[in-house]
Every structure is written in C-alpha cells, then in structure tokens.
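If you want my numbering, it's the 1-based position in the sequence shown plus 235.
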Amino acid sequence: MANIKIEIHKRNVEARLESLNKWEVPEEVKTSILDFLNDLELGKVNRGRRISKARQLKYLDMLKNPLEYWNKKIEDLDSKDIESFERDLTTDKILSKRKNQPYSHESKRDIRIALKIFLKWKLGEAKAIELIGWLDTRRINKTPEYLKESEVEKLYKACKNAKERFLLAVLFDSGARAEEFLNVRFEDLEIPKDNASFCRLTLKEEYSKTSGRVISLYWKYTLEAVRDYMKEREYAGIKSSDPIFEGTYDSARFFLMRLGKRIL
C-alpha cells in the first residue's frame with residue numbers, strides 16, 4: 236500500500252471555492268474562474284500538466300485582487316486597466332487582502348504570471364499578449380537569509396532531547412523542505428553499521444516539490460542525533476513505512492522559532 240503524503244498545510248478547498256461568491260466581480264467572472272480551475276485540474280491550460288488543488292487555490296489568491304480591482308467583465312478590459320493596476324501594484328497602493336500590507340516582489344511576480352495565464356486561457360494568446368504580455372515577470376536574484384554553522388551549533392547544543400536534536404541536525408544537514416522532512420519514513424534512512432561516519436537519507440519523488448534524491452549527511456553532529464532518536468523510535472515500535480519524525484509542521488516551526496529567539 237502506498238504511503239499517504241503528510242501535508243503541511245490543511246486546505247479547506249470547498250470553503251475557499253465558496254468564498255468566490257463574495258468576490259466583488261461580475262457573475263460572469265466568477266463563472267470563468269470556476270471554469271478556469273476546472274481546466275487547470277484537467278490539464279487543459281498548461282499543456283497536459285494537471286494542476287493540484289493546492290496550486291489551484293494559489294491561483295485564486297493571486298487573481299482575487301486584480302479582478303476585484305477592475306470589477307468588470309474580462310472581455311471589457313483594455314490597456315489602461317492593465318496599466319493602472321500595474322502602476323498601483325508596483326507603487327504598493329494595492330495591499331494584500333490577507334495581511335493588509337504591500338506584496339513582496341515574489342508575490343507581485345506571482346500575480347503577474349497568474350494574470351498572464353488566466354487571460355491567455357480566457358481571451359486567447361494574441362489578445363492576452365497585446366494586453367498583458369509586456370508585464371515584467373523576472374525574478375530578482377538575491378542571496379537568501381541563512382545561519383552560519385556556528386549559529387546552528389549553538390541551537391543544536393541548546394536542544395533538550397533527542398527529538399529536538401534530530402529535527403535540527405537533519406533539517407540543517409539535508410536542506411530538505413518542511414514537507415519533504417515530515418514525509419521521511421523509517422525505510423528512507425540508512426544508518427551505517429560499520430565504520431562509516433555518515434547517514435544516507437532518501438527524499439522520495441512523491442513527497443517532493445522538485446525531484447527525489449538521496450542525500451549523504453556529513454555534519455559532525457548528525458550521526459549521533461540520528462542514532463539517539465532512532466533508538467527511541469525503535470523502542471516505540473516504529474514500522475518501516477512510518478514517518479520518522481513524530482510531530483506536526485506547526486509544532487516543529489514554533490519550536491525552531493522559539494529556540495532561535497532564545498539562543499541567537
């Protein structure tokens with residue numbers, strides 16, 4: 236039997252779709268949005284690629300602000316509408332409805348991409364390019380925020396038990412995304428039985444946003460953290476298909492936030 240993927244976000248799809256009824260847009264636009272989501276799921280929008288429910292909900296988030304900003308039929312949009320929205324988005328006059336603050340550059344980029352895809356689907360490629368093809372959807376490359384190894388070592392030494400040390404060491408050493416980490420099963424971890432000084436971790440394709448891969452864990456504290464925590468999990472009767480880490484995304488995230496604020 237295939238393992239059930241552990242999702243880090245609980246999405247109430249039906250409630251989100253129901254909220255579309257409250258959008259301040261013409262009824263024809265609401266109908267178009269539902270048709271668009273249906274075609275995304277079937278794979279009719281992105282050249283045979285079926286789009287997941289989670290991704291469909293992101294389209295809802297990205298399209299709500301511009302469509303309410305215009306509050307008119309899609310067929311009636313003209314270049315001045317697009318230019319006005321782009322100007323207000325760029326100058327932060329348009330705020331995120333959820334956070335009531337300006338969008339980040341990446342969120343603005345996501346909105347522009349979603350608009351390009353939606354208008355191409357609704358109006359056809361030629362009309363969409365004429366209206367919105369000029370929008371800048373390039374990324375701004377910048378160095379991400381990161382911790383120094385010495386800082387991670389401080390956090391590791393401040394952990395109070397084997398579970399906390401396992402969480403910190405494996406996340407740091409593997410670079411796994413949160414959802415990938417939570418979906419690591421007992422069968423995915425190879426612990427050396429000889430004189431080898433490192434573990435191997437398999438991040439499976441079905442749990443990854445990108446691609447599956449095998450990662451060797453070389454950090455000086457990882458092996459002891461893995462061995463100590465696995466002793467506890469084996470004593471508790473872990474099965475090969477069970478997730479190794481016992482905990483939720485929220486509990487892990489809050490622990491790391493509290494630890495960072497206390498130690499760094």
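No residue lacks a Cβ here, since even glycine has one placed at the ideal position from N, Cα and C. Computed from a prediction, not measured in an experiment: that's the story for all the values here.
Tell whether a beta-carbon distance below 7 Å holds between residue i and residue j.
{"i": "E259", "j": "N306", "result": "yes"}
{"i": "I286", "j": "H340", "result": "no"}
{"i": "T372", "j": "I348", "result": "yes"}
{"i": "L436", "j": "S409", "result": "yes"}
{"i": "K320", "j": "P301", "result": "Residue 320 is actually Phe in this sequence, not Lys. Contact flag set, yes."}
{"i": "K355", "j": "A363", "result": "yes"}
{"i": "L499", "j": "E386", "result": "yes"}
{"i": "T457", "j": "A393", "result": "no"}
{"i": "Y470", "j": "A397", "result": "no"}
{"i": "P337", "j": "D323", "result": "no"}
Give me the residue from the options with the minimum Cα distance to residue i.
{"i": "D421", "options": "R468, E399, K377", "result": "Residue identity check: residue 421 is Phe in the sequence provided, not Asp. If we check each option's Cα against that of F421, R468 comes out closest."}
{"i": "D345", "options": "R497, K362, S319, Q291", "result": "Q291"}
{"i": "V419", "options": "D311, T483, D316, E386", "result": "T483"}
{"i": "I367", "options": "L458, K428, L350, E388", "result": "L350"}
{"i": "K439", "options": "S267, A411, A250, G472", "result": "A411"}
{"i": "L330", "options": "D429, K377, E303, R400", "result": "E303"}
{"i": "K357", "options": "K377, I309, E399", "result": "I309"}
{"i": "L370", "options": "K343, K395, K377", "result": "K343"}
{"i": "L402", "options": "F489, K496, L277", "result": "F489"}
{"i": "A289", "options": "E249, R493, E263, K279", "result": "E249"}
{"i": "V461", "options": "K496, L255, D316, L406", "result": "L406"}
{"i": "K265", "options": "E425, R333, F353", "result": "F353"}
{"i": "L269", "options": "S254, K377, N281", "result": "S254"}
{"i": "I241", "options": "R497, D485, L494, M492", "result": "D485"}
{"i": "N247", "options": "R282, K332, K293", "result": "K293"}
{"i": "K395", "options": "D313, D429, R493", "result": "R493"}
Since residue i sits in a beta bridge, which residues does DSSP pair it with?
{"i": "L330", "result": "P337"}
{"i": "L436", "result": "L424, I450"}
{"i": "P478", "result": "R420"}
Quick one: what does DSSP say residue i is sitting in, helix, strand or coil?
{"i": "T457", "result": "helix"}
{"i": "K308", "result": "coil"}
{"i": "V449", "result": "strand"}
{"i": "G495", "result": "helix"}
{"i": "V280", "result": "coil"}
{"i": "S385", "result": "helix"}
{"i": "N376", "result": "coil"}
{"i": "K395", "result": "coil"}
{"i": "K355", "result": "helix"}
{"i": "V260", "result": "coil"}
{"i": "R290", "result": "helix"}
{"i": "I239", "result": "coil"}
{"i": "R412", "result": "coil"}
{"i": "L252", "result": "helix"}
{"i": "R285", "result": "coil"}
{"i": "L406", "result": "helix"}
Taking contact to mean 3 or more Cβ pairs, one atom from each stretch, closer than 8 Å, check whether the segment 475 to 484 and the segment 440 to 453 are in contact.
no
Quick one: any contact between the segment 440 to 449 and the segment 400 to 417, if contact means 3 or more CB pairs under 8 Å?
yes
Contact the segment 296 to 310 vs the segment 375 to 384: 3+ CB pairs below 8 Å:
no
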